[in-house]
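All remarks here apply to the structure that follows.
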Ligand SMILES: Cc1ncc(COP(=O)(O)O)c(C=O)c1O
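Chains as they are written, first to last, in my numbering: chain A, 60 to 323; chain B, 127 to 526.
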């Protein structure tokens, strides 16, 4: 069993939904990431999605692009990300950490090295945005050997046959992208998400998370009703962007608590 | 020997190419692939395309024997495929006409494009105006500054030009932004990529639409000289003009195919745009796997070239493949040498070449000197240099 699966199991027993904030590693400064991770957990995060900064984040909207640029200004790359997760683990052995990023930084160190180092720093899952299932069979296999979950995106336009193909390779949970567009784009259509999530549920026992477009506590609440996990990305990053180093922890904790209450 | 038949049905050229995009784009690419397969051999579609290439673009473009220049250089005879004489002044229009006609068949009312030098943007704005399609062009903010005349041209043609302020503010960032637009507006929008990069089917489709260049060359060389050239030389940014002229020659093994990248300040300085020549590592960007300029952490690094159209950190996956199987050779030419060739062609032949093209010319000059006068080099004169006169004047300390 993986930490991700255990977490979903434990939440299910309590009849609760998972709340997953996203932050980019190294944003606004690499020295702050570890304390931000702990603060988010203390304020109610069940798992955390940690973005790997990339120079060309093609699937991200302006908010998360800027987060990447802030992190890259401090030269934060995969080696820092692994160190951050390792440091986090010294105080927290329970909360799953899911890395989210693009293929190139992984291929730059090689998929083999990536999985070894991810395991060594106790990473629980990985979402590689630009790895569709056809192009990453070997990577998924390497991850599986190390018991790291491969989390795949599903979109409103993903056809049924592809959903099946993705489910064959996926583990941990499935990540349903709630809208057509980049991260942080327009508001989501709950009815449409509900019907698609319903279709996916008939094909798999994997938990289904929903993200890309959860903009406030109200949306989070609606999404929680129809899914197993709510991912809050751009909204969280926006809070980071609008804070300074003195009120950062306070502000992200406050937002996290609001979301927690809404989802409960 | 088996005839060359690439890519495979998933868009792979060996380990290169493929489809590396977020799930949100998969359906749009599937739709495009299906429609392209449907129309690429469709007689009505091809008739419409031929008509536009002939009457709107002005094809076939001639081949010209640059005799004075060849004599001056000393060595092989240099012939120029005059893509600069196309409507809008570059090879780019061959591809945009093809893709725009496809967009029309697919019922997409809105066209988007990325552009570096502005040539692809102008070609896209042009065909959009002609077909009555809305057109939005993404252009790096740096390039908007470097290529002001082309920005204005696009506006005259009714296009909206969006300066891209993210990342390095050049071509690669314009491509990122166009992809983001596409994923948001999939149902109404056709994305016309301007080079043989991007996810499958783009590298194949852009190559096919540009291969009219090589097909014509084979016939024209035969008519003019009764033989094919010893070497074909073309500049490589993403690689569309090079693929266009190389592709029909791939199975003619005796013809050398030489791609010329931008060495910028010099390969050894690291300030260049020559991933093939510099042996950059393999990576994934803009939907395909290819050789890519990047640092050890896999971040894409800034490129340097005097010509905006060659300022790209990657290269079309088919060039990566042709390099690996040793069917094509790749070399690089510095800013300085490209400029010298630029002036040289202006003065001896009365042709102002694009700065991109000047890289190919500079290498042809070097190569010609090593060859005999009865040998033939064919250069793809990919575009005219009117768009570059501000850049060249500035370097020569002249205020226009
Ligand atoms: C005249 C000309 N030649 C060459 C290029 C480089 O592109 P490619 O390598 O795709 O031919 C450009 C790009 O803008 C161009 O304008």
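For glycine and all other residues, C-beta sits at the position ideal for the given N, C-alpha and C.
Keep in mind that this is a model prediction, so the values were computed, not measured.
Let's see if you can read the secondary structure: which residues bound the beta strand (DSSP E) around residue 278(A)?
Unbroken run through residue 278(A) is the alpha helix (DSSP H), 276 to 285; no beta strand (DSSP E).
Have a look at 504(B), 327(B), 195(B) and flag the residue whose alpha-carbon is nearest the alpha-carbon of residue 164(B).
When only C-alpha atoms are compared, the closest one is 327(B).
For the stretch 145 to 166 of chain B, which residues have a CB atom closer than 7 Å to at least one CB atom of chain A, in sequence order?
Under the 7 Å Cβ criterion, the stretch 145 to 166 of chain B contributes 145, 146, 147, 148, 149, 150, 152, 153.
Give the interface partners of residue 212(A) over in chain B, defined as CB-CB distance under 8 Å, in chain order.
Correct list: 148, 149, 150.
Which residue's Cα is closest to the Cα of residue 274(A): 264(A), 256(A), 261(A), 297(A)?
Ranking the options by Cα distance to residue 274(A), first place goes to 297(A).
Per DSSP, what kind of secondary structure is residue 113(A) in: helix, strand or coil?
It is coil, neither helix nor strand.
Find the residues of chain A that neighbour residue 310(B), judging by a C-beta separation of less than 7 Å, and give them in chain order.
Near residue 310(B) (Cβ distances below 7 Å), the residues of chain A are 239, 240, 241, 244.
How about the stretch 235 to 246 of chain B and the stretch 171 to 180 of chain B: do they share at least three Cβ pairs that are nearer than 8 Å?
No contact exists between the stretch 235 to 246 of chain B and the stretch 171 to 180 of chain B.
Quick one: is residue 259(B) near chain A, going by C-beta distance under 8 Å?
No, because no Cβ of chain A sits closer than 8 Å to the Cβ of residue 259(B).
With respect to the beta strand (DSSP E) encompassing residue 144(A), which residues constitute its N-terminal and C-terminal limits?
Where residue 144(A) is concerned, there is no enclosing beta strand (DSSP E), although the alpha helix (DSSP H) it sits in stretches over 137 to 150.
Inspect the CB distances between the stretch 279 to 297 of chain B and the stretch 260 to 269 of chain B and report whether three or more fall short of 8 Å.
Contact holds: three or more Cβ-Cβ distances are below 8 Å.
Using alpha carbons as the reference points, say which of 84(A), 149(A), 189(A) lies closest to residue 109(A).
The residue with the shortest Cα to Cα distance from residue 109(A) is 84(A).
If you drop the 5 nearest sequence neighbours on each side, which residues of the same chain put their C-beta closer than 8 Å to that of residue 289(A)?
Correct list, in chain order: 76, 77, 78, 79, 268, 269, 270, 273, 279, 282, 283, 318, 322.
Is DSSP giving residue 432(B) helix, strand or coil here?
In this structure, residue 432(B) counts as coil in the three-state DSSP scheme.
Determine, using beta carbons only, whether residue 114(A) and residue 231(A) come nearer to each other than 8 Å.
Against a cut-off of 8 Å, the Cβ pair of residue 231(A) and residue 114(A) comes out as no contact.
Buried or exposed: residue 132(B), going by 16 or more other Cβ atoms within 10 Å of its Cβ?
The residue is buried, with at least 16 neighbouring Cβ atoms inside 10 Å.
Can you give the beta carbon distance from residue 499(B) to residue 229(B), rounded, assuming they're within the 8 Å contact cut?
Not quite, the Cβ-Cβ distance comes to about 48 Å (not below 8 Å), so this is no contact.
Is the closest heavy atom of ligand 1 to the C-beta of residue 412(B) under 7 Å?
False, no ligand heavy atom lies under 7 Å from that Cβ.
Give the single residue among 138(B), 216(B), 448(B), 491(B) whose Cα lies nearest to the Cα of residue 373(B).
That would be 448(B), whose Cα lies nearest to the Cα of residue 373(B).
Output the distance between the C-alpha atoms of residue 410(B) and residue 165(A), rounded to the nearest integer angstrom.
Answer to the nearest angstrom: the Cα atoms are 10 Å apart.
Would you list the one or two residues that DSSP bridges to residue 420(B)?
DSSP, once it has assigned bridges, lists 426(B) as partnering residue 420(B).
Does residue 137(B) get closer than 8 Å to chain A when you measure Cβ to Cβ?
No, its Cβ sits nowhere closer than 8 Å to a Cβ of chain A.
I want to verify the contact list: residues of chain A whose CB lies under 8 Å from the CB of residue 453(B), in sequence order.
Those within 8 Å of residue 453(B) in chain A number zero; the least Cβ separation is about 25 Å.
Helix, strand or coil: how does DSSP classify residue 205(B) here?
Three-state result, residue 205(B): strand.
Can you give me the Cβ contacts of residue 116(A) inside the same chain, cut-off strictly under 6 Å, excluding the 5 residues immediately before and after it?
Closer than 6 Å at Cβ, skipping near neighbours: 124, 127.
Just verifying my parser: in three-state terms, what is the DSSP assignment at residue 414(B)?
Three-state result, residue 414(B): strand.
Please list, in chain order, all residues of the same chain as residue 397(B) whose beta carbon is under 6 Å from its beta carbon, the five residues on each side excluded.
Around residue 397(B): 390, 391, 430.
Are there any heavy atoms of ligand 1 lying less than 7 Å away from the beta-carbon of residue 199(A), as far as the coordinates show?
For ligand 1, not one heavy atom lies less than 7 Å from the Cβ of residue 199(A).
DSSP on residue 195(A), reduced to helix/strand/coil?
The answer is coil: DSSP assigns residue 195(A) none of H, G, I, E or B.
State the Cα-Cα distance for the pair residue 346(B) and residue 189(B), rounded to the nearest angstrom.
Their backbone Cα atoms lie some 7 Å apart in a straight line.
Pull up the CB-CB distance for residue 144(A) and residue 181(A), whole angstroms please, since I reckon it's below 8 Å.
Confirmed, about 6 Å.
Taking 7 Å as the cut-off, is the CB of residue 243(B) close to at least one heavy atom of ligand 1?
Yes; taking the cut-off as 7 Å, the Cβ of residue 243(B) has a heavy atom of ligand 1 nearer than that.
Please check the pair residue 208(A) and residue 63(A), which I expect to be a contact at CB under 8 Å, by giving their CB distance rounded to whole angstroms.
Confirmed, about 5 Å.
When the Cβ atoms of the stretch 217 to 233 of chain B are set against those of the stretch 328 to 343 of chain B, are three or more pairs found closer than 8 Å?
The stretch 217 to 233 of chain B is in contact with the stretch 328 to 343 of chain B.
For residue 227(A), which of 238(A), 236(A), 211(A), 120(A) has the nearest alpha-carbon?
It is 211(A).
Please decide whether residue 80(A) counts as near chain B, where near means a Cβ-Cβ distance under 8 Å.
Cβ-Cβ to chain B under 8 Å: no for residue 80(A).
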